[in-house]
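Enquirer:
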Amino acid sequence: MRRPHENVATVLVDPAVLPELELDLMTLDLWVWPLATAPTSPDGPRLAFQVRRRLVEARRGAWDCAREWTPVWVSFGTSWYDGDEPLPWAAHSALWTALGRHADHVRHTVRLGGVPRLPVRHELGAERDSA
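Counting in our numbering, the sequence shown runs from 229 upward without gaps.
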């Protein structure tokens with residue numbers, strides 16, 4: 229059985245627009261987690277360096293502008309989930325459309341990965357649901 233995980237997009241973000249991107253995504257119940265400070269990363273700065281380097285080098289020069297950008301995970305808030313059902317395609321579409329609005333300042337691939345559960349989102353969702 230697969231361990232519980234969080235579906236996330238891994239995105240490189242120009243630090244100059246990170247706050248603006250975060251606010252835009254929050255309105256869609258999408259949450260930005262900088263890898264360097266993510267609560268599930270025991271060595272966040274090292275993870276951020278490794279992920280950024282891997283993503284930039286994989287593009288063989290096409291993403292050189294992002295060499296100093298901030299790697300983040302973008303996760304889906306509780307409004308996108310229906311119990312244990314998979315994420316609906318509408319969630320994927322909302323994410324890729326929102327990132328597209330910031331195309332000059334973000335780099336990403338159109339796929340999701342799995343990371344250990346981000347406990348803060350689940351705790352916030354549980355608090356909201358019990359209110």
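For each residue, glycine too, the CB sits at the ideal point set by N, CA and C.
#1: Determine the closest residue to residue 317 out of 290, 272, 292, 338, with distance taken between C-alpha atoms.
#2: Between 326, 332, 320, which has its C-alpha nearest residue 236's C-alpha?
#3: So for residue 298, helix, strand or coil by DSSP?
#4: Using 8 Å as the Cβ pair cut-off and three pairs as the minimum, do the stretch 280-287 and the stretch 323-334 touch?
#5: So, helix, strand or coil for residue 356, using DSSP?
#6: For residue 246, collect the residues of the same chain with a Cβ closer than 7 Å to its Cβ; drop the 5 residues on either side in sequence, then sort them by chain order.
#7: Is residue 346 helix, strand or coil when you go by DSSP?
#8: Whole angstroms are fine: how far does the CA of residue 244 sit from the CA of residue 292?
#9: Given a cut-off of 8 Å on the beta-carbon distance, is the pair residue 346 and residue 303 in contact?
#10: What's the gap between the Cα of residue 232 and the Cα of residue 287?
#11: So, for residue 336: in the same chain, excluding its five sequence neighbours on each side, which residues have a beta-carbon less than 8 Å away from its beta-carbon?
#12: What are the start and end residues of the beta strand (DSSP E) that includes residue 233?
Expert: Answer, in terms of the structure:
#1: The residue with the shortest Cα to Cα distance from residue 317 is 338.
#2: Comparing Cα-Cα distances from residue 236 to each of 326, 332, 320, the minimum goes to 320.
#3: Residue 298 falls in the strand class under three-state DSSP.
#4: With the cut-off at 8 Å, the stretch 280-287 and the stretch 323-334 do not touch.
#5: Caution applies to residue 356, whose pLDDT of 43 falls short of 50 and renders its modelled position unreliable; the value that the coordinates give is listed next. Residue state, collapsed to three classes: helix.
#6: Answer for residue 246: 298, listed in chain order.
#7: Residue state, collapsed to three classes: coil.
#8: Going from the Cα of residue 292 to the Cα of residue 244 covers about 17 Å.
#9: In this structure, residue 303 lies closer than 8 Å to residue 346 by Cβ.
#10: Taking the straight line from one Cα to the other gives about 30 Å.
#11: Its chain contains 237, 238, 239, 240, 327 as the residues whose beta carbon lies nearer than 8 Å to that of residue 336, once the 5 sequence neighbours on both sides are disregarded; these appear in chain order.
#12: 233-241 is the span of the beta strand (DSSP E), which, as asked, contains residue 233.
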